[in-house]
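Notes for the one structure printed next.
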């Protein structure tokens, strides 16, 4: 009986040992499964991060393209603006030349008292004044009253202006 018990005890120890070995194997297997689960979880997170990075990269690419488009548009507008500025300067110079050319044959008459308001009558009276006072027959284009006793006359010819200016009274006529 004691031997049987010892044998039983040995067998029980073997069984306990086997159970412990199986338990270790199960524990190791469980550990591997947990590691695999963690690895799968990590892979999913990495995949998700990569997807987010791709989306960010695409958005950044679009922003860069828009930025380049805006830069190109800015350069184009700047060129157009410079062209318009140059054109404006040219036009101003042209207008100044035209105005100077128009004023070239103008004379300011001071001190004449003309009560007429109609430009044609003023023109006739100034024309007769020039004939009587200076002895010159000039072709007057227009005569305009600026203020009391001050008139601007525009002549057709520059030669008429030169003759009038040579024979003028400096107090009544000026260039």
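In full-length UniProt numbering, the protein residues as written are 1 to 175. Glycine included, every Cβ here is placed at the ideal spot set by N, Cα and C.
| Query | Result |
| --- | --- |
| Any 3 or more C-beta pairs closer than 8 Å across the stretch 114-131 and the stretch 86-100 | no |
| Where residue 175 falls: helix, strand or coil (DSSP) | Residue placement at residue 175 cannot be trusted, given a pLDDT of 49 that sits under 50; the coordinates are not used to answer. |
| Backbone CA spacing between residue 111 and residue 150 [nearest angstrom] | 6 Å |
| The stretch 75-83 / the stretch 118-135 touching (three or more Cβ pairs under 8 Å) | no |
| Counted within 10 angstroms of its Cβ, other Cβ atoms place residue 161 as buried (16 or more) or exposed | buried |
| Boundaries of the alpha helix (DSSP H) in which residue 164 is found, first to last residue | 158-167 |
| Counterpart residues of residue 144 in DSSP-defined beta bridges | 152 |
| Same chain, Cβ closer than 6 Å to residue 156, five either side skipped, listed in chain order | 139 and 141 |
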